[in-house]
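Chains as they are written, first to last, in my numbering: chain P, 19 to 357; chain B, 19 to 357.
Ideal Cβ positions, reconstructed from N, Cα and C, are used throughout, including at glycine.
Fair warning: this is a prediction, and the values are worked out from it, not measured in the lab.
As structure tokens, the structure follows; a few thoughts come after it.
There are 2 protein chains.
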Amino acid sequence: MGGDVGLKVTVPASVQFLSDTPDVNLVLVGDQAAIEAELMALPDSVRARITVRHASEVVGMDESPQLALKNKKDSSMRVSINLVKEGLAQAAVSAGNTGALMATAKFVLKTIPGIDRPAIAKMMPGIKGNTCVLDLGANVDCSPEQLLQFGIMGSELVVSLEHRPNPSVGLLNIGSEDIKGTESIKRAAELLRESGLNFYGNVEGNDIFKSTVDVVVCDGFTGNVALKASEGLAHMISTFLREEFARTWWTKLCALAAMPVLKRFKARVDPRRYNGASFLGLRGIVVKSHGGTDALGFRIALEQACEEVRANVIGHIADRVAVQLQNIRQSGPEAKDSA
Amino acid sequence: MGGDVGLKVTVPASVQFLSDTPDVNLVLVGDQAAIEAELMALPDSVRARITVRHASEVVGMDESPQLALKNKKDSSMRVSINLVKEGLAQAAVSAGNTGALMATAKFVLKTIPGIDRPAIAKMMPGIKGNTCVLDLGANVDCSPEQLLQFGIMGSELVVSLEHRPNPSVGLLNIGSEDIKGTESIKRAAELLRESGLNFYGNVEGNDIFKSTVDVVVCDGFTGNVALKASEGLAHMISTFLREEFARTWWTKLCALAAMPVLKRFKARVDPRRYNGASFLGLRGIVVKSHGGTDALGFRIALEQACEEVRANVIGHIADRVAVQLQNIRQSGPEAKDSA
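What follows is the structure in structure tokens.
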């Protein structure tokens, strides 16, 4: 039901996803009558792989996460996440209210032992390949231990989605030297260095798009600002490019001639291709689609959830965190179990 | 002497600047013999407006700011800032080591009464006009009072450089609602709201490039990451665009046809046009040029320093902060003078 458009995006995306992915079934959760109406024209072979699960409520895009959690127990997002909790679905995908989705997922699914709080992770494009950045807004203040956990979770996500073994992890900072940054970040660097992860060291904002490392770890405040600043800049650049090609009849002719090139360029930076933010650290897979995306974007988010299930990303995170906890227990009396 | 190239950039930029700006003289500070060699071919009319001031040392681009401050008392940047302190120059412009320049400027010039610590501010391009963003890296942790001071300083810079009266000020956050962000940011929002500044409220990363407000206030960690992430993304996009147009003989032909359009586009996002970061809050004008810029970029930084002198930006900041301090003193016994 979620997102700026709702069923007109999520249903076509689901149908397309099912055609491309023969061994998966979908449960569509929301207003049964409205969903059924969208499914009318489907061939039986596709329709048979869709179950509709009624939910009487919808969380609004601007609703308070806490109120949604408290008052909307039959919302489409709550029911979807319940299905994951009950093992009736292997993943939930939503284009709805991010805060409410996170609050609900945390409340219903709980975190993996050893993970303090879940994080939002996303693959970002880079000159030589994608980089996973987390946290992108779930945690405003982060302890050094949380930043270490983000490193573990981001690594496992890269293994799962990008199939790169032993991903390198960078810590987002304002300089490459060890003396840079807050006390919390300096301590996080120490923890990451001792963790057994493939820790690269400090990275800076530009390294996100330089493909310097596979995973960039940061607190949710910094990550969110970096993500949104990048979205803002990309929008400005594409606006300027469009304006320049639309200026006169001559520039329009140039645009026509250059169209195939410009199309290929656009495809490389198409935000829909990078849609799908993973909520990591929970005992279930939840993927958040951008609310403003279209059917292609939502399909990409469905594919991402599917990849995470196939790769057993949660099992891998749990195993790695368990090893980490054991190391901390063995390393001395001051060590504490953060589970 | 500073920057990746040194005199081959700074001297041509200086000469060009003098030709364009008849009522200004320049003092070039550094290795006298090397500078004089660069000035050989100049016509007398320009040469007469240049004074060369010898400095026996140069701070390396990767040198420790504290060591540079302690050991290089005759460095070109130290001597330049001394000239400002002594009133023999109205502003200093350097393409050298940012940390060393800031440490030296702080030590020699001191801050304006009521300003806790200086900040680095820069005009960033936006869809409908430039936005001043600060702090961009001088202060990793910022108190609410400092963020308020950044708001005041950024406003006065916009008045001086952009000639916009009563600039609007946004507080960088991860959502527009008042409940978002850290405790420090929530308190800063209260201070800004009570300050008499034209406070807009919270803004997000994308607002920097949407021209939502004239000034975006943030701590130096977040600001630095946002700036560098933007630089990284801009570089990635221009690389992709170049690669697509260079792919085949046909796309190269398209590029040739579209060249005038692409040139106009590039000019709009040319980082040289946005070169020049102002160190605000000091009792003297210091402008930092990007170390990797060329003569055009360095000239823009010289022009920016010149504009700040003409507009008396320091006097205006001092006046506004004095009013602010008086308000705080009058508002209750718990108020403290942060000077």
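Contact of Ser248 (chain B) with chain P by beta-carbon distance below 8 Å involves Gly223, Ala247, Ser248, Leu251. Here Ile303 (chain B) is bridged, per DSSP, to B:Ala109.
In the structure shown, Ile145 (chain P) adopts coil according to DSSP, grouped into three states.
Following the DSSP letters along the chain, one finds Gly315 (chain P) inside the alpha helix (DSSP H) bounded by residues 313-329. Take Thr240 (chain B), set aside five residues on each side of it, and the residues of its chain with a beta-carbon closer than 7 Å to its own are Leu190, in chain order. For the segment 303-321 of chain B, no residue has a beta-carbon sitting nearer than 9 Å to a beta-carbon of chain P. Our two residues, Leu165 (chain B) and Ile346 (chain B), have alpha carbons roughly 15 Å apart in a direct line. For Met142 (chain B), the number of other beta carbons within 10 angstroms of its own is at least 16, and it is reported as buried. Here Leu209 (chain B) has Pro162, Leu166 as same chain residues with Cβ atoms under 6 Å from its own Cβ, once five neighbours each way along the sequence are excluded.
Rounded to the nearest angstrom, the Cβ distance from Gly188 (chain P) to Thr230 (chain P) is 6 Å, consistent with a contact under 8 Å. Annotation: Cβ neighbours of Leu259 (chain P) in chain B (cutoff 8 Å, chain order): Phe283.
Along the segment 202-236 of chain B, going in chain order, the ones with a CB nearer than 8 Å to a CB of chain P are Glu222, Gly223, Asn224, Asp225, Ile226, Phe227, Lys228, Cys236. C-alpha of Tyr292 (chain P) to C-alpha of Asn148 (chain P): approximately 9 Å in a straight line. Among the residues facing chain P, Asn330 (chain B) is not included, as its CB has no counterpart in that chain under 8 Å away.
Nearest in C-alpha terms to Gly144 (chain B), of all of P:Ile303, P:Ala285, P:Phe263, P:Gly250, is P:Gly250.
Judged by beta-carbon spacing, Val221 (chain B) lies beyond the 8 Å limit of Gly169 (chain B), meaning their Cβ atoms are not closer than that value. Within chain B, no C-beta atom comes less than 8 Å from the C-beta of Val42 (chain P); the nearest is roughly 33 Å away. Note on Pro40 (chain B): under 16 other CB atoms within 10 angstroms of its CB, so exposed under the neighbour-count rule. The Cβ of Phe125 (chain B) sits no closer than 8 Å to any Cβ of chain P.
The segment 314-334 of chain B makes contact with the segment 290-306 of chain B; the number of CB pairs closer than 8 Å reaches 3 or more. Taking 8 Å as the cut-off, the Cβ atoms of Ala156 (chain P) and Ala137 (chain P) count as close. At a cut-off of 8 Å between beta carbons, Ala244 (chain B) contacts chain P. Burial check for Asp232 (chain B): the Cβ neighbour count within 10 Å reaches 16 or more, so the residue is buried. Here the alpha carbons of Gly172 (chain B) and Val47 (chain P) stand approximately 49 Å from one another. The C-beta distance from Phe258 (chain P) to Val279 (chain B) rounds to 11 Å, too long to fall under 8 Å, and the pair is not in contact. Going by DSSP, Gly193 (chain B) is part of no beta strand (DSSP E) at all; its letter is neither H nor E. Below 8 Å, too few C-beta pairs join the segment 333-348 of chain B and the segment 104-119 of chain B to call them touching: fewer than three.
The way I'd put it, the segment 43-57 of chain B does touch the segment 95-111 of chain B; three or more beta-carbon pairs between them come closer than 8 Å. Within the model, the alpha-carbon separation for Ser186 (chain P) versus Arg338 (chain P) is close to 15 Å. By alpha-carbon distance to Ala244 (chain P), the top candidate from P:Leu25, P:Leu154, P:Gly20 is P:Leu154. Around the C-beta of Thr28 (chain B), 16 or more other C-beta atoms lie within 10 Å, and the residue is accordingly described as buried. Contact annotation for Val279 (chain B) against chain P: Glu262, Phe263, Thr269, Cys272 [CB-CB distance below 7 Å, chain order].
Taking the C-beta atoms as reference points, Val33 (chain B) is found no nearer than 8 Å to Ile53 (chain B). Gly309 (chain P) is positioned such that its CB atom lies closer than 8 Å to that of Gly20 (chain P).
Contact with chain B is found for Gly144 (chain P), since one of that chain's Cβ atoms lies less than 8 Å from the residue's Cβ.
Nearest CB-CB separation between Ile138 (chain B) and chain P: not below the 8 Å threshold.
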